[in-house]
Amino acid sequence: MLGELQTAYRQALKNLVFVDFVNKKVICAGGLNALEMEHSKESACCRDMITAINLHFREGDFDLVKERIDVLTDRVDYIKSLEGYLKEQRRNKLFEIASHLCKQGKSVKVVRYDVNPSC
376 MLGELQTAYR QALKNLVFVD FVNKKVICAG GLNALEMEHS KESACCRDMI
426 TAINLHFREG DFDLVKERID VLTDRVDYIK SLEGYLKEQR RNKLFEIASH
476 LCKQGKSVKV VRYDVNPSC
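Residue numbering for the sequence shown follows my numbering, starting at 376 and increasing by one per position.
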């Protein structure tokens, strides 16, 4: 019974889909690694917290607003660290692809080009 539940859970995760309404794209969980999933989850959580903060502010419950802002600040710091790990992971993947192409005899050169040089 437990094995069947675990198999069903794994299959459900493969079929899981997130909709990122901000960036207007569909994210299939089966194609994401754990780091990308964690980043998506944390981003969605922060958007929900911002909604909750606005609701508490309108209701005048400023103690809850302050408490939620403190939690949100911690979550934003965590998201920043996740983004750093994601950038490193993507960079490593690009270097791995370039190395693989070099081994095949292809002429490749990895260059750095920042779309947003202020980052």
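Glycine included, each C-beta is placed from N, C-alpha and C at the ideal position.
In this structure, residue 431 keeps its C-beta atom at 8 Å or more from the C-beta atom of residue 458. Looking at the backbone, the Cα of residue 416 and that of residue 441 are separated by about 23 Å. With fewer than 16 neighbouring CB atoms inside 10 Å of its own CB, residue 466 falls in the exposed class.
With a cut-off of 8 Å on Cβ pairs, the segment 472 to 482 is not in contact with the segment 421 to 430, counting fewer than three such pairs. The Cβ-Cβ distance between residue 410 and residue 453 does not fall below 8 Å. Inclusion of residue 424 and residue 450 in the CB contact set at 8 Å is warranted, their separation being smaller than that value.
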